[in-house]
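Colleague:
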Amino acid sequence: MQAASAQTSKPDPGPAAAIQYRFLCQAQGTSGPVVAERVLDLTPSMEPVELDVGVTMPSPWPSPRITRYLSQAVVTQLVVPAGEGDGRAAALLVLEGPKQTYERWLLADDPTRNRLVSLIGFWRFMAVADAAQRYELLRQFTRESDLHPSLTVRRGDAVTEAPLMVGRTRELAEPKCRIKVVEVYPHLVLDPDTGRPKNLSDEPVNPAIRVELHAEGKMDERWVFARHPEMNTGGTALPQFEVTLFYPSARVGTTPDYVLVSVAGSAPEVFQRLGRTITTQQAALDEKVPIPESKYTFRVSRFVPAARLHEEYQMSLSADARPALRLEVAPPGAAPIPIWIELGKERVITTAQGAMTVEFNRTDAASQGGHP
Numbered sequence: 001m002q003a004a005s006a007q008t009s010k011p012d013p014g015p016a017a018a019i020q021y022r023f024l025c026q027a028q029g030t031s032g033p034v035v036a037e038r039v040l041d042l043t044p045s046m047e048p049v050e051l052d053v054g055v056t057m058p059s060p061w062p063s064p065r066i067t068r069y070l071s072q073a074v075v076t077q078l079v080v081p082a083g084e085g086d087g088r089a090a091a092l093l094v095l096e097g098p099k100q101t102y103e104r105w106l107l108a109d110d111p112t113r114n115r116l117v118s119l120i121g122f123w124r125f126m127a128v129a130d131a132a133q134r135y136e137l138l139r140q141f142t143r144e145s146d147l148h149p150s151l152t153v154r155r156g157d158a159v160t161e162a163p164l165m166v167g168r169t170r171e172l173a174e175p176k177c178r179i180k181v182v183e184v185y186p187h188l189v190l191d192p193d194t195g196r197p198k199n200l201s202d203e204p205v206n207p208a209i210r211v212e213l214h215a216e217g218k219m220d221e222r223w224v225f226a227r228h229p230e231m232n233t234g235g236t237a238l239p240q241f242e243v244t245l246f247y248p249s250a251r252v253g254t255t256p257d258y259v260l261v262s263v264a265g266s267a268p269e270v271f272q273r274l275g276r277t278i279t280t281q282q283a284a285l286d287e288k289v290p291i292p293e294s295k296y297t298f299r300v301s302r303f304v305p306a307a308r309l310h311e312e313y314q315m316s317l318s319a320d321a322r323p324a325l326r327l328e329v330a331p332p333g334a335a336p337i338p339i340w341i342e343l344g345k346e347r348v349i350t351t352a353q354g355a356m357t358v359e360f361n362r363t364d365a366a367s368q369g370g371h372p
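Residue 282 in my numbering sits at position 282 of the sequence shown, and the numbers go up by one each step.
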């Protein structure tokens, strides 16, 4: 009699366990910060999961609705050329190493799509009209490694720059006004429990200040952001005054910091900061630029002077795949706008009320993974 071959049966792992995520929506309203959050218990699936989950923001802010969950997703970017004045410059950035290649389209001057943060470097893509603006951008880039935060008050041609001093009221002659720095937050976040701003660390990750501006018998309270000026609030009482914040960069060290600059529609020039050293170079398309302190290079493989960027996420088994949510934000009287957000990332959404930031994270603070 022939003995039957032994077979080892594998136990059925059963359905995948749900993962708990937190979706956070926050904004700086005229009367202070507003925040809303939603905890999501989502089960990983190899198919898209359709959702209908609302996140209620206080009126008059639009309330996002979460409509789709992908447990393993990659983004597909499509760049469509646009007419002059009807789009932004776009550059395809490629990072190449010994074992992997990563590429991403960057859209100039779009605060949500003009930058790439990596363990081996930080890239921003900017577009300017002429050589004078290019020089000013280089001056600002050079000053980002300075040690002293400062604020600037401008009214027309009258402008004054002053060191940042908390609690002190300064009398300015040009422009004529008084300004007081009430609070300083090097790393501002909104506390999801209280809805109030708090400082997460002393590293200048998201520097912001609250100021009181007095002029012409009026008082204007403002929030001013160094990295995200599109999120500034206030200014309704004294709109003729502009307040800006300069804060030293958090990236002074061995990790390089880059700005890709397109001048008058030309292919990007490269500004590099490594430690305190600033260099510039005109790199041709597809010319590989070595990344210091790494085995990687980067290059701009494509450049479109005026373009529109469309993004769509789809399921994937690749090592770069990560969870993603699709949102819809409906402006008053308009069709909903679909927006995607990846795990561990944030998006800045422009609304009629101002900039609104959304974040998507795991509640257990697990590693989010990602590119190099």
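Idealized CB from N, CA, C, for every residue including glycine.
#1: Looking at V358: is its Cβ nearer than 8 Å to the Cβ of E342?
#2: Let me know if T233 comes out buried or exposed under the rule of 16 or more other beta-carbons within 10 Å of its beta-carbon.
#3: Which residue from Q26, Q77, V74 and L70 puts its Cα closest to that of T56?
#4: S367: buried (16+ other C-beta within 10 angstroms of its C-beta) or exposed?
#5: Anyone know if the C-beta pair for P292 and P268 falls short of 8 Å?
#6: To the nearest angstrom, how far is it from the Cα of Q100 to the Cα of E171?
#7: Among residues of its own chain, excluding the 5 on either side of R178, which ones have a beta-carbon nearer than 6 Å to its beta-carbon?
#8: Just how far apart, CA to CA, sit V300 and V79?
#9: At what residues does the beta strand (DSSP E) containing L137 begin and finish?
#10: From Q314 to R65, what distance separates their C-alpha atoms?
#11: Return the CA-CA distance between P192 and P33, expressed in angstroms with no decimal places.
#12: Please classify M165: does DSSP put it in a helix, a strand, or coil?
#13: Decide if the region 130-141 is in contact with the region 95-110; the criterion is three or more beta carbon pairs, one per stretch, under 8 Å apart.
#14: Of the choices P305, N361, T351 and T363, whose alpha-carbon is the least far from that of P60?
#15: Would you kindly work out how many angstroms separate the C-alpha atoms of G265 and E216, rounded to a whole number?
#16: Going by CA-CA distance only, name the one from P323, E312, L325 and F303 that's closest to P81.
#17: I'd like to know if the region 315-326 and the region 284-291 are in contact, where contact means that at least 3 CB-CB pairs between them fall below 8 Å.
#18: Decide if A91 is buried, meaning its Cβ has at least 16 other Cβ atoms within 10 Å, or exposed.
#19: Identify, in the order they occur along the chain, each residue of the same chain with its Cβ nearer than 7 Å to the Cβ of G195, setting aside the five sequence neighbours on each side.
#20: Can you tell me whether A89 is buried or exposed, with buried defined as 16 or more other CB within 10 angstroms of its CB?
#21: With DSSP as the reference, label P98 as helix, strand or coil.
#22: On the CB-based measure, 16 or more other CB atoms within 10 Å of its CB, does M356 come out buried or exposed?
#23: Quick one, which of S316, V329, E221 and P338 has its alpha-carbon nearest P44's?
#24: By how many angstroms is the C-alpha of W105 removed from the C-alpha of F125?
#25: Can you pull the DSSP bridge partners for D220?
#26: Going by Cα to Cα distance, which pick from K218, E144 and V261 is closest to A226?
#27: Is the beta carbon of T67 sitting closer than 8 Å to the one on L327?
#28: Can you tell me whether DSSP reads M231 as helix, strand or coil?
#29: So, V184 versus V166, is the Cβ gap smaller than 8 Å?
#30: Quick one: is A17 buried, meaning 16 or more other Cβ sit within 10 Å of its Cβ, or exposed?
#31: Hey, could you find the ends of the beta strand (DSSP E) T350 is sitting in?
#32: In or out: L151 buried (at least 16 other Cβ within 10 Å) or exposed?
#33: CA-CA distance, P149 and Q28?
#34: By the DSSP assignment, the beta strand (DSSP E) with I66 in it spans what residues?
#35: Would you identify the three-state DSSP class for S294, choosing helix, strand or coil?
#36: Taking the C-alpha atoms as reference points, what is the distance between I349 and R276?
Modeller: On the basis of the coordinates in this document:
#1: Taking 8 Å as the Cβ cut-off, V358 and E342 do not qualify as a contacting pair.
#2: So T233 ends up on the buried side.
#3: Among Q26, Q77, V74 and L70, the Cα nearest to that of T56 belongs to Q26.
#4: Residue placement at S367 is flagged as unreliable, the pLDDT there being 41, under the threshold of 50; the coordinate-derived value follows with that caveat. Using a 10 angstroms sphere on the CB of S367, the tally of other CB atoms stays under 16, which defines it as exposed.
#5: Cβ distance not < 8 Å, so P292 and P268 don't count as in contact.
#6: Q100 and E171 have their alpha carbons spaced roughly 56 Å apart.
#7: The residues are T169, E171 and H214.
#8: If I take the Cα positions, the gap works out to 15 Å.
#9: For L137, no beta strand (DSSP E) encloses it; the enclosing alpha helix (DSSP H) starts and ends at A131 to R143.
#10: Rounded to the nearest angstrom, the two C-alpha atoms are 19 Å apart.
#11: Cα atoms of P192 and P33: separation of roughly 11 Å, rounded to the nearest angstrom.
#12: DSSP places M165 in the coil class of the three-state scheme, outside both helix and strand.
#13: With a cut-off of 8 Å, the region 95-110 and the region 130-141 do not count as touching, because too few Cβ pairs lie within range.
#14: Considering only alpha carbons, the answer is T351.
#15: C-alpha separation (whole angstroms): 42 Å.
#16: Answer by Cα proximity: F303.
#17: Contact fails: fewer than three Cβ-Cβ distances are below 8 Å.
#18: Buried, since its Cβ has 16 or more Cβ neighbours within 10 Å.
#19: The beta carbon of G195 is closer than 7 Å to those of P33, V34 and V35 in its chain, skipping five residues each way along the sequence.
#20: Classification of A89: buried, given that the 10 Å Cβ count is 16 or more.
#21: In the three-state scheme derived from DSSP, where H, G and I count as helix and E and B as strand, P98 is classed as coil.
#22: Under this definition M356 is a buried residue.
#23: Sorting S316, V329, E221 and P338 by C-alpha distance to the C-alpha of P44 places S316 at the top.
#24: Straight across, the Cα-Cα distance linking F125 with W105 is about 10 Å.
#25: D220 is bridged to L213.
#26: A226 has its Cα closest to that of E144, out of K218, E144 and V261.
#27: Against a cut-off of 8 Å, the Cβ pair of L327 and T67 comes out as a contact.
#28: M231 falls in the helix class under three-state DSSP.
#29: Going by C-beta atoms, V184 is nearer than 8 Å to V166.
#30: The C-beta of A17 has fewer than 16 other C-beta atoms within 10 Å across all chains shown, which makes the residue exposed.
#31: Taken as a continuous stretch (DSSP letters only), the beta strand (DSSP E) holding T350 covers E346 to T351.
#32: The residue in question, L151, is buried, as its Cβ has 16 or more Cβ neighbours within 10 Å.
#33: Straight-line Cα distance between these residues: approximately 22 Å.
#34: Note, I66: beta strand (DSSP E), R65 to P81.
#35: Three-state result, S294: coil.
#36: Rounded to the nearest whole angstrom, the C-alpha separation of I349 and R276 is 34 Å.
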